[in-house]
Structures are given as structure tokens and as C-alpha cells.
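Visitor:
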Amino acid sequence: MKKRIAIFASGSGSNAQKIMEHFKYSDDAEVALVLSNNPEAYVLQRADNFEIPSHVFDRHDFYQTDEIVSLLKRLEIDLVVLAGFLWLVPQNLLNAFPNKIINIHPSLLPKHGGKGMYGDRVHKAVLAAGDEEHGITIHFVNENFDDGEIIYQGRFRVEKGDTLEILKFNGQQLEHLHYPKVLEGLIKKYN
Ligand code: GRF
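Last residue of the sequence shown: 1159 (the numbering used here), numbering continuous.
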């Protein structure tokens, strides 16, 4: 049986796109659902392009009800993947998928993580700190932002004169390359 992945994303969804591409012809897993808290998120269009169903929810649904957990269970989801999802995952969802919720963060955690550290803010903080290296982290999700056990880190050197755009680009390249592969590795272990 193929494992079934649900992707949560709040924005563009370029990582979601790479994951959908990667598993499109996989024998091990498929992306069964894309969820977003943002009805305008471009990731919803991307899901449509892959003919993958999507679901939009609001703060009330997510934090005050079991609607999302019920939906994921009904669709027999095995793995929950956060790809640019900005809300903290509530306890009912953590309990329903122990060690089965994965996130990607655009820095070498524990550096530059936590509430409010997302997007350009992360790369600005790296430049402001004068870090000599930067990278990405793929980790299990717990009740705090950017805090669970680390599964994979990819790193690159920050060169003199690097701009925010360069850091962002380098990080994205690493994310797009590694996130699908790391997920596949996890899924193979579950089989
Ligand atoms: C990525 O940088 C990821 O690390 C972070 O949010 C960003 C999402 O980008 N969690 P995209 O929507 O996948 O393009």
C-alpha cells in the first residue's frame, strides 16, 4: 500500500510542488491532500495542477475543533508534511500523528528559529549576525516552533558580499533538492 502524504502550506508552495512532482510516479507514496489556512495561497493552484484535492481551513477549525484530524484520518493519511506552514500545530494533531509530522525551516536550527522567524526575516538575521554558514533544517514537529528532533541539515558557506536574495536562493535550492528525498527515506523506513 502506498503511504499517503498530506501537505500543509500557507503560501507559494514551491516545496510542495517539488514533493508533488517527486511522488507523482512513486510506488512508495502519494500526495493525497494539500491543506492551507490561506484561501489565496498559490499552493492551492499548484495542487489543482496536479489534480490533488485541497482543503482550506480557518483558525477556529484548526484550534477549536477536531475537523482537521478527522479529515486526515478519513483520508487515511500516514505522513503530515509542513512546507511553509506558518501556524503552530495544535496538540490534537500532534497526538494523532506522533513522529509523523515533518517541517522544513530555512536556517541551521537551533539558529534563527522560533515564532516570527520565517521568510526573509531568517536570512536578514543571518546577515545581521555575520554567520559564516547558513542552511536548512528538516525536523520532526513538536508543540513549539522549529524545535523538534532534527532529521537532516544542509549547509552552505556565506560568502563576503552575499545578499539576502543570494542566501534565499541557495537555501531554496537545498530545500527543493533534499525535502522530497528526506521524506522518501522516512517513508521507506515505515514500510
Ligand atoms: C521555505 O523556505 C521553508 O523552509 C519555510 O517556508 C518556506 C516555504 O517556501 N518553512 P515555499 O512556499 O515552499 O516556496
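Glycine is no exception: its CB is placed at the ideal position from the N, C-alpha and C atoms.
1) By the 10 Å Cβ neighbour count, where 16 or more other Cβ atoms means buried, how is glutamine 985 classified, buried or exposed?
2) Mind pulling the beta strand (DSSP E) runs of 3 or more residues that sit fully within the region 1034-1096?
3) What three-state label does DSSP hand tyrosine 993 in the structure shown?
4) Let me check you understand the geometry: is the CB of histidine 1107 closer than 7 Å to at least one non-hydrogen atom of ligand 1?
5) Does the region 1088-1107 come into contact with the region 1001-1016, if we say contact requires no fewer than three beta-carbon pairs (one atom in each stretch) closer than 8 Å?
6) Is it right to say tyrosine 1147 is buried, meaning 16 or more other beta carbons lie within 10 angstroms of its own, or is it exposed?
7) Need the endpoints of the alpha helix (DSSP H) that glutamate 1152 sits in, please.
8) Measuring straight from C-alpha to C-alpha, what distance separates phenylalanine 1053 and threonine 1131?
9) Can you name, in chain order, every residue of its own chain whose Cβ lies under 6 Å from the Cβ of leucine 1043, other than the five neighbours on each side?
10) On the DSSP bridge assignment, give the partners of arginine 1125 in chain order.
Guide: With the given structure in hand:
1) Classification for glutamine 985: buried.
2) Unbroken beta strand (DSSP E) stretches of 3 residues or longer found wholly inside the region 1034-1096: 1047-1050, 1069-1073, given in chain order.
3) Note: tyrosine 993 maps to coil in three-state DSSP.
4) Outside the cutoff, so no.
5) With a cut-off of 8 Å on Cβ pairs, the region 1088-1107 is not in contact with the region 1001-1016, counting fewer than three such pairs.
6) Buried, because 16 or more other Cβ atoms sit within 10 Å of the Cβ of tyrosine 1147.
7) DSSP places glutamate 1152 in the uninterrupted alpha helix (DSSP H) bounded by 1132-1158.
8) Approximately 25 Å between the Cα atoms of the pair.
9) Residues of the same chain with a CB within less than 6 Å of the CB of leucine 1043, apart from the 5 flanking positions on each side, are Ala1000, Leu1001 in chain order.
10) Answer is Glu1101, bridged to arginine 1125.
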